[in-house]
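Numbering (my numbering), first residue to last: 195 to 707.
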Ligand code: AMP
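Written out as structure tokens, the structure is:
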């Protein structure tokens, strides 16, 4: 049986799968025939689990056993218990991946073990979130060829890697995350110039604002809104109604909706203008990332941006196009925005998964990705310059092209005859770089041993590498280049025993059709 390649957009609210195996691009539909699979998981009492539209239908009647938006928890400590099993975000994402892989194997008439996938992640995902996504694929038993940044995937889908004349702003607003990237050609090679974004900004936030508007209207019409707020089923219905109204407002200027609770009937209606006013700050938040990314790209020498490529279902909201046209004066291209990422991932998967044939020129010129956030080293204190307080010493700046091989940073021991040293790397936590440890996120915690005996100030060389998919590796050497052993912990990397535990827990679930 030959292998097949697929591209998976593992989204916060919806996931999508495409393939370019055996020629043209092709969407892999969900089991119910829909184009997209809601990224929702429902655990039933009998140990079976459903994913997608069926799972989403239980948000209202059994919310405690439904998981929505797990992507927002990737890379975080967020265990959830269902029956006797404790599942981590990696385990729950693995359940979604298993469903998507099963749909792909049905469509392609192969086993899931014959699939090779490129899985997309927001460009602005940090190290921990990427590691967690990688672990999810391992738990699902799905071969992951590479993790690909979503705007890069969109770049392939829109053909940005072939367009040598126009630099593009990729504006990717999905259900839960927002990425923005500048893509163009640098000395003949397609590259990302700069990325920015927010890992917790997306359609869900627009839904929440609409839900608030709907509650206000309900409170005006109801005598006992306290009861309504306590009723989980009604709360679930209302948030589903909010998403529907939001979609409707992308087509029309107002959206009416009737809801019932017992004998009460609520006539709700939201005008587009009211919705836009209530979410103006969210658009401005996107705008701040756009301003930062365009400034960063300009500093790095990117040519003038000539167009905006829209990606992600939330870019269907007219307020987004209005913002881009008004504030950036850019022509906007929008083409199947909720499938562009999966389509682009499939293009790369086919390129990576196909055996290399001699004399066949590569059909896909790879878009060089960049490091999304600066990485720095925790320095306890330093003499020159005199800095008695801990601070983060910048080691790699954001938007450095990937891969980065063995970037060398030197540190020194403090004590006489110090044999061991703790090495901590931090990733920029906020929108801008900061030297204060509390503004950064720990991503690597290691201990170097067997440091050659010397008086305080003995040099340790750290070699930092970052792969095409943003995963990090660090090794240490002595001043005389002798490799030094280092025990380390990378944030988001599950240890083998936890992967085995999650794999067993996920394998024990019966995936409902
Ligand atoms: P994605 O992750 O790219 O599939 O985007 C999903 C998000 O897009 C969800 O928050 C959807 O509610 C939102 N979305 C999809 N279609 C529309 C639409 N027509 N208008 C507004 N938002 C939409």
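All C-beta atoms, glycine included, are put in the ideal place defined by N, C-alpha and C.
Keep in mind the model is a prediction, meaning the values are calculated, not measured.
For residue 238, the three-state secondary structure derived from DSSP is coil. In this structure, residue 621 sits near residue 320, with a CB-CB distance shorter than 8 Å.
Residue 376 sits in a strand when the DSSP states are folded into three classes. Note that the C-beta distance between residue 696 and residue 333 is below 8 Å. Per DSSP, residue 480 lies in no beta strand (DSSP E) segment; the continuous alpha helix (DSSP H) that holds it begins and ends at 474-493. Secondary structure at residue 352: helix, using DSSP grouped into helix, strand and coil.
Closest option to residue 533, judged by alpha-carbon separation, among 345, 281, 272: 345. Between residue 593 and the set 578, 605, 563, 604, the nearest pair of CA atoms involves 563.
Collapsing the DSSP output to three states places residue 400 in a helix. In the structure shown, residue 454 falls within a strand segment according to DSSP collapsed to helix, strand and coil.
DSSP places residue 589 within a strand segment (E or B) once states are collapsed to three. Between ligand 1 and residue 607, a heavy atom-to-CB distance of less than 7 Å is absent. Taking 7 Å as the cut-off, the C-beta of residue 356 does not count as close to any heavy atom of ligand 1. Per DSSP, reduced to three states, the secondary structure at residue 703 is coil, with no helix or strand assignment.
Residue 262 has 234 as its beta-bridge partners, per DSSP. The alpha carbon of residue 561 has as its nearest neighbour, out of 365, 588, 356, the alpha carbon of 356. With contacts defined by Cβ atoms closer than 8 Å, residue 308 and residue 224 do not form a contacting pair.
Residue state for residue 612 is assigned as coil, using DSSP reduced to three classes. Minimum Cα-Cα distance from residue 401 among the listed residues 428, 415, 369, 385 corresponds to 369.
Within 10 angstroms of the beta-carbon of residue 203 lie 16 or more other beta-carbons, which makes it buried. The three-state reading of DSSP puts residue 228 in coil, since its state is none of H, G, I, E or B.
Residues 282 of the same chain have their beta carbon placed closer than 8 Å to that of residue 692, with the five preceding and five following residues left out of the count. Look at residue 496 here: in three-state DSSP terms it is coil, with no helix or strand label. For the pair residue 285 and residue 293, the Cα-to-Cα distance works out to about 13 Å. The alpha carbon of residue 635 has as its nearest neighbour, out of 322, 215, 214, the alpha carbon of 322. A residue is called buried when at least 16 other Cβ atoms come within 10 angstroms of its Cβ; residue 214 meets this threshold and is buried. For residue 507 against residue 397, the beta-carbon gap comes to about 6 Å, under 8 Å, which counts as contact. Contact between the region 669-684 and the region 259-269 is absent: fewer than three C-beta pairs spanning the two stretches fall below 8 Å.
Around the beta carbon of residue 387, a 10 Å sphere encloses 16 or more other beta carbons of the protein chains shown; the residue is thus reported as buried.
Take the alpha-carbon of residue 450 and the one of residue 443: they are about 10 Å apart.
Exposed is the label assigned to residue 677, since fewer than 16 other Cβ atoms lie within 10 Å of its Cβ. Residue 515 carries a helical assignment under DSSP once its states are collapsed to helix, strand and coil.
Separation of the CB atoms of residue 327 and residue 315 is rounded to 5 Å, and the pair is thereby assigned contact status at 8 Å. When DSSP assignments are scanned along the region 255-311, the uninterrupted stretches of alpha helix (DSSP H) that are 4 or more residues long and fall wholly within it turn out to be 283-302. With a cutoff of 8 Å on beta-carbon distance, residue 317 and residue 343 are scored as near each other. At a threshold of 7 Å, residue 447 does not count as near ligand 1, since its beta carbon sits no closer than that to any of the ligand's heavy atoms.
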